[in-house]
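When the letters of the sequence shown are read in order and numbered with our numbering, they come out as residues 2 to 490. Using N, Cα and C, we set each Cβ at its ideal position, and we do this for glycine too.
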Amino acid sequence: MAVLSPSQWFDRLQARFFAPTAERWQDEADRPFDPKPRNQQLDLLWSYYKGDAPLPQVAYEFQDIFRDLLRKARCNYAEMCVTAVVDRMDLLAVSTDVDSTANGDDRAAEIMEDTGFAAQLKDLLAYYCAMGEAYAMVVPTADGPTIHAIDPRRCVGIADPNNPTRLRAVLLRSYDVEEDEEIAHLFLPGEKWTLQRDGSEWKRLSDKPEEINGLDELGGIPIVRFLNKLGLGEYESHVDVLDRIIDTTLTRLVMTKFQAFKQRGVSGDEDEEDEYDTEEPTIEDGNQPTKQAKNWDEVFKAGPGAVWKVPAGWQFWEGNQADLGPLLQAKRDDVKEFAAVTHTPLYLITPDDANGSAAGAGLLREALTCKVRDRRARVTPSLKLLWRIVFAMAGDTTRGKKIKLHWGPIEFNSLAEKGSASAQATGVLSRRRILSEVWEMEPQDIEDNEIELAAQAMLDGVQQPPPPQSAGTAPATEASQVTPVGAVA
2 MAVLSPSQWF
12 DRLQARFFAP
22 TAERWQDEAD
32 RPFDPKPRNQ
42 QLDLLWSYYK
52 GDAPLPQVAY
62 EFQDIFRDLL
72 RKARCNYAEM
82 CVTAVVDRMD
92 LLAVSTDVDS
102 TANGDDRAAE
112 IMEDTGFAAQ
122 LKDLLAYYCA
132 MGEAYAMVVP
142 TADGPTIHAI
152 DPRRCVGIAD
162 PNNPTRLRAV
172 LLRSYDVEED
182 EEIAHLFLPG
192 EKWTLQRDGS
202 EWKRLSDKPE
212 EINGLDELGG
222 IPIVRFLNKL
232 GLGEYESHVD
242 VLDRIIDTTL
252 TRLVMTKFQA
262 FKQRGVSGDE
272 DEEDEYDTEE
282 PTIEDGNQPT
292 KQAKNWDEVF
302 KAGPGAVWKV
312 PAGWQFWEGN
322 QADLGPLLQA
332 KRDDVKEFAA
342 VTHTPLYLIT
352 PDDANGSAAG
362 AGLLREALTC
372 KVRDRRARVT
382 PSLKLLWRIV
392 FAMAGDTTRG
402 KKIKLHWGPI
412 EFNSLAEKGS
422 ASAQATGVLS
432 RRRILSEVWE
442 MEPQDIEDNE
452 IELAAQAMLD
462 GVQQPPPPQS
472 AGTAPATEAS
482 QVTPVGAVA
């Protein structure tokens with residue numbers, strides 16, 4: 002394998018920011034669009050997630066007039082598709098060899114709380130599901146390592162062919178608004194190079210790299226990549242369906258606007274004396290007056306106090322409003338198709354579907370459950386590597402030898418369902434497992450509950466009074482005072 006210099010690595014990574022996201026098909030058949038560069042494709046996907054999707058296409062001369070109407074036609078179903086997965090991927094705790102209790106490693110819990118790991122993980126998974134790729138970086142500080150989620154639009158990495166979970170080289174770009182400068186950080190095994198943009202060129206800030214210590218056994222780079230299935234976002238393959246929904250919505254809005262006032266018509270002959278309403282002199286004929294035709298827009302002006310005077314026998318007609326029901330049904334069908342192809346439960350998108358049967362709702366959750374399990378399996382190796390880097394930077398490599406992730410529940414059940422399942426699991430599962438699997442309690446909550454139950458049992462034992470005696474019952478007699486029948490007293 003050829004050894005590349007830092008400059009060569011930088012050029013390769015810089016080119017990947019603008020490389021096409023997909024190769025051309027070998028069948029040479031026509032496709033609607035050519036593969037977009039990586040930066041444009043990621044921007045497009047993120048715009049759908051944020052609800053700022055491209056406006057529907059109309060003729061150029063109508064763009065300014067219809068801009069506000071086009072904006073109202075956009076529907077943000079992409080966010081629901083991502084949220085359905087992200088909300089079911091809560092990482093509750095991390096266990097290690099040093100602390101393998103049910104509530105996880107205390108040192109890991111401390112890092113998660115101090116660095117805001119829960120929020121960073123949500124941002125990381127949002128990038129991961131929306132754009133198909135995400136990065137996480139561990140930054141050493143005086144108070145300990147911190148974890149940061151990185152937008153893939155400003156970061157690109159090359160995977161290690163021998164271990165795809167690790168990266169051979171990473172380029173991270175950032176822009177400082179206050180200083181008005183663009184900075185790039187090139188990470189190589191054990192090295193960190195910092196460059197600054199000067200016009201169209203990038204210049205190193207130092208001739209020597211900053212050393213990265215303690216990560217030699219983990220690849221030497223403090224950045225981990227998270228790659229979704231096939232490198233695609235959750236809705237990347239179904240953007241056309243989203244565009245179809247937006248286009249159908251635009252058609253309905255346009256028809257509604259056009260039909261705000263129904264078309265009216267009038268038929269009949271004018272009276273001869275009313276055919277012309279004014280007489281004005283013209284220059285050609287001197288002072289000879291000419292007759293001007295009536296301005297019917299002024300005659301038939303609509304208004305709350307308007308009165309129309311028309312000749313006898315005139316007839317008026319008013320156009321009927323078009324039926325918008327088929328357009329609404331077409332949009333519902335497109336939304337159902339989007340929910341089906343993305344494995345998103347329909348009751349999350351259309352509240353009317355929440356009134357379906359319990360069996361139907363269970364079937365709708367099956368596809369989402371399988372999808373979430375698949376995504377958990379894909380991010381688990383990268384998350385374990387991330388926590389090994391965290392422990393290595395904290396100077397506690399022994400904790401990173403064996404790591405177990407404690408995920409939260411996938412399904413959200415009602416209290417009635419939990420109570421029924423708890424009664425059925427009694428005698429089969431332990432109390433701790435019932436609290437964890439059925440009642441979906443976090444490990445620390447289970448520990449607190451056990452302590453409270455033990456304290457309550459001790460308190461009940463001390464305060465429990467002797468059992469009361471019923472009226473007419475003789476007091477208990479010691480065995481030595483009982484005289485056998487037939488014996489002489």
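Runs of the alpha helix (DSSP H) lying entirely within the region 315–385, each at least 4 residues long, are 326–342 and 347–350 in chain order. In the DSSP assignment, Val-95 is bridged to Leu-406.
Note on Lys-372: 16 or more other CB atoms within 10 angstroms of its CB, so buried under the neighbour-count rule.
Taking a cut-off of 8 Å for Cβ pairs, the region 195–214 and the region 87–96 do not touch, as fewer than three such pairs fall below it. DSSP, reduced to helix, strand and coil, places Tyr-176 within a strand of the structure shown.
Residue pairing for Ile-151: DSSP places it in a beta bridge opposite Tyr-136. Under DSSP, Asn-164 takes part in a beta bridge, and its partners are Asp-161. Taking the C-beta atoms as reference points, Leu-436 is found no nearer than 8 Å to Asn-414. Taking 8 Å as the cut-off, the beta carbon of Leu-243 is found closer than this to the beta carbon of Ala-54. Within the model, the alpha-carbon separation for Arg-39 versus Phe-188 is close to 20 Å. Within the DSSP bridge table, the entry for Thr-427 names Leu-430 as partners.
The shortest CA-to-CA distance from Ala-20 to any of Gln-42, Pro-7, Trp-10 and Ala-30 is the one to Gln-42. Contact check between the region 69–76 and the region 172–183: fewer than three CB pairs, one atom from each, fall below 8 Å, which does not count as touching.
Phe-11 is positioned such that its CB atom lies no closer than 8 Å to that of Leu-206. Closest option to Gln-264, judged by alpha-carbon separation, among Arg-25, Ala-323 and Asn-229: Ala-323.
Following the DSSP letters along the chain, one finds Gln-42 inside the alpha helix (DSSP H) bounded by residues 39–51. Of Asp-335, Gln-445 and Met-442, the smallest CA-CA separation from Tyr-78 is found for Asp-335. When DSSP reads this structure, Thr-249 sits in no beta bridge, so it has no partner.
Residue pairing by DSSP places Pro-7 opposite no residue, since no beta bridge is assigned to it. His-186 is bridged by DSSP to Leu-173 and Thr-195.
Contact check for Leu-14 and Ala-170: beta-carbon distance about 6 Å, within the 8 Å limit, so the pair qualifies. With at least 16 other beta carbons inside 10 angstroms of its own, Asn-229 counts as buried. Apart from the 5 residues on each side of it in sequence, Leu-46 sits with its Cβ closer than 7 Å to the Cβ of Ala-131, Met-132, Gly-234 and Glu-237 in its chain, given in chain order. The beta carbon of Lys-37 lies closer than 8 Å to those of Pro-21, Thr-22 and Leu-45 in the same chain, with the five residues before and after it left out. The residue among Asp-152, Gly-221, Leu-325 and Glu-211 with its C-alpha nearest the C-alpha of Arg-389 is Gly-221. In terms of Cα proximity to Asp-124, the closest of Ala-340, Val-140 and Ala-150 is Ala-150. Taking every protein chain shown into account, the CB of Met-459 has fewer than 16 other CB atoms within 10 angstroms, so this residue is exposed. Secondary structure of Leu-216 (DSSP, three-state): coil. Between Leu-430 and Cys-156, the alpha-carbon positions lie close to 46 Å from each other. It is roughly 45 Å from the alpha-carbon of His-407 to the alpha-carbon of Lys-204.
Straight-line spacing of the CA atoms in Pro-210 and Ile-452 works out to 52 Å.
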